[in-house]
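Let me begin by presenting the structure, written as structure tokens, before commenting on it.
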Amino acid sequence: MMSEWISWSACSVSCGMGMRSRERYVKQYPEDGSNCQLQTEETEKCVINDECSPSSCVVTEWAEWDPCSATCGLGMRRRERMVKMPPIDGSMCKTEVAEVEKCMMPECYSFPCMLSPWSDWTECSVTCGRGLRTRQRMLKSDPAECSEELEQSEKCMLPECPVDCMVSEWSEWSECNKSCGKGHTIRTRMIKLEPQLGGSACPETIQRKKCKIRKDGAVEEQPGCRMQPWTSWTDCTKPCGGGIQERFMMVKKKAKGTPTGSCKDRKEIRACNVHPC
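Numbered continuously in the UniProt record's numbering, the sequence shown closes out at residue 277.
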């Protein structure tokens with residue numbers, strides 16, 4: 001013998017096609033001890049006639065149902081899901097993130113229990129994100145004659161936690177940007193994660209310090225050494241957050257007998273796109 005079907009659950013999506021389900025339970029098993037062959041759960045497709053738009057939001061799949069609030073007879077159960085992406089137009093997400101439905105447990109029998117009312121729910125166990133809260137009640141009769149629960153827990157949801165900026169380790173210092181005389185050298189680091197929801201801002205991503213190369217005279221002025229003009233600066237290695245550019249001066253012609261090392265290619269570097277991302 002089966003119970004009546006409980007109400008259909010909410011559709012699993014906020015727009016388009018999804019699934020919904022309903023349940024019933026076995027009130028009485030066959031007298032011959034065999035298993036009941038009738039279904040205890042049904043699912044079907046459902047369509048929400050609300051086209052996805054800039055005011056729509058993306059949510060996670062539903063979490064598992066919490067235990068039924070009753071140990072026998074008719075009770076309630078709850079499940080939740082989280083907002084993965086809010087509406088792009090800045091409006092509030094209208095999709096339901098909590099769902100409550102009826103649940104059926106085996107029929108109740110008389111228990112000689114005397115219980116106090118439930119206490120108020122405690123504060124959520126976290127200050128942001130997902131946590132738990134609890135409530136209790138007192139047993140006023142013989143514990144041996146009562147199997148009712150004395151404490152309940154449920155999930156609680158607070159605004160999402162701030163996420164601080166994350167950056168990589170510093171790179172090695174670059175070569176001096178001048179081949180002779182005073183110049184500078186730089187090092188950079190990458191932004192791995194932008195701050196979110198009021199998290200700490202990103203620190204600097206580029207540093208520079210002075211460098212000095214002993215003046216041996218300009219390379220292009222060395223006897224027997226002719227140099228090509230400087231090349232154009234290369235593209236910046238990063239679109240924002242601090243990158244580097246390079247340019248080169250190549251040896252065009254070296255006369256015979258020119259000492260080794262007195263005539264060689266040159267390179268200069270400079271910082272670029274140092275604005276934050």
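For each residue, glycine too, the CB sits at the ideal point set by N, CA and C. In this text the structure is predicted, and so the values were computed from the model without any measurement.
- Within the same chain, and ignoring the five residues on either side of residue 98 in sequence, the residues whose Cβ sits closer than 7 Å to its Cβ are 78, 80.
- Looking at the DSSP output, residue 154 bridges to 133.
- Secondary structure at residue 249: strand, using DSSP grouped into helix, strand and coil.
- Judged by DSSP in its simplified three-state form, residue 98 adopts strand.
- Between residue 93 and residue 100, the C-beta spacing is not below 8 Å.
- The beta carbon of residue 265 sits closer than 8 Å to those of 248, 249, 250, 251, all from its chain and outside the five residues before and after it, given in chain order.
- With 16 or more other CB atoms across the displayed protein chains lying within 10 angstroms of its CB, residue 241 is buried.
- In the DSSP assignment, residue 271 falls within the unbroken beta strand (DSSP E) covering 266 to 272.
- The Cβ-Cβ distance between residue 226 and residue 253 falls below 8 Å.
- The C-beta separation of residue 7 from residue 43 comes to about 14 Å, leaving the pair out of contact by the 8 Å criterion.
- By the 16-neighbour rule on beta-carbons within 10 angstroms, residue 206 is buried.
- Closest by C-alpha distance to residue 117, out of 132, 137, 126, is 137.
- Residue 185: member of the beta strand (DSSP E) spanning 181 to 188, first to last residue.
- Counting C-beta atoms within 10 angstroms of its own C-beta, residue 243 has 16 or more neighbours from the protein chains shown and is therefore classed as buried.
- Counted as a single uninterrupted DSSP element, the beta strand (DSSP E) harbouring residue 193 occupies residues 191 to 193.
- The DSSP assignment places complete beta strand (DSSP E) segments of no fewer than 3 residues inside the segment 61 to 93 at 74 to 80, 83 to 85, in order along the chain.
- Collapsing the DSSP output to three states places residue 210 in a strand.
- Residue state for residue 115 is assigned as strand, using DSSP reduced to three classes.
- Straight-line measurement puts the Cα of residue 174 at about 5 Å from the Cα of residue 185.
- Comparing alpha carbon positions, the residue from 166, 168, 115 closest to residue 146 is 115.
- The count of Cβ pairs closer than 8 Å, one atom from the segment 151 to 166 and one from the segment 191 to 211, reaches three, so the stretches are in contact.
- Taken through DSSP and simplified to helix, strand or coil, residue 13 comes out as coil.
- Between residue 123 and residue 133, the gap from beta carbon to beta carbon is short of 8 Å.
- Residue 40 is positioned such that its CB atom lies no closer than 8 Å to that of residue 29.
- Here DSSP, grouped into helix, strand and coil, assigns residue 21 to strand.
- Between residue 70 and residue 105 a beta carbon distance of about 6 Å is seen, short of the 8 Å cut, so the two are scored as contacting.
- Only residues of its own chain outside the window of five on either side were considered, and among them 187 have a CB closer than 7 Å to the CB of residue 172, listed in chain order.
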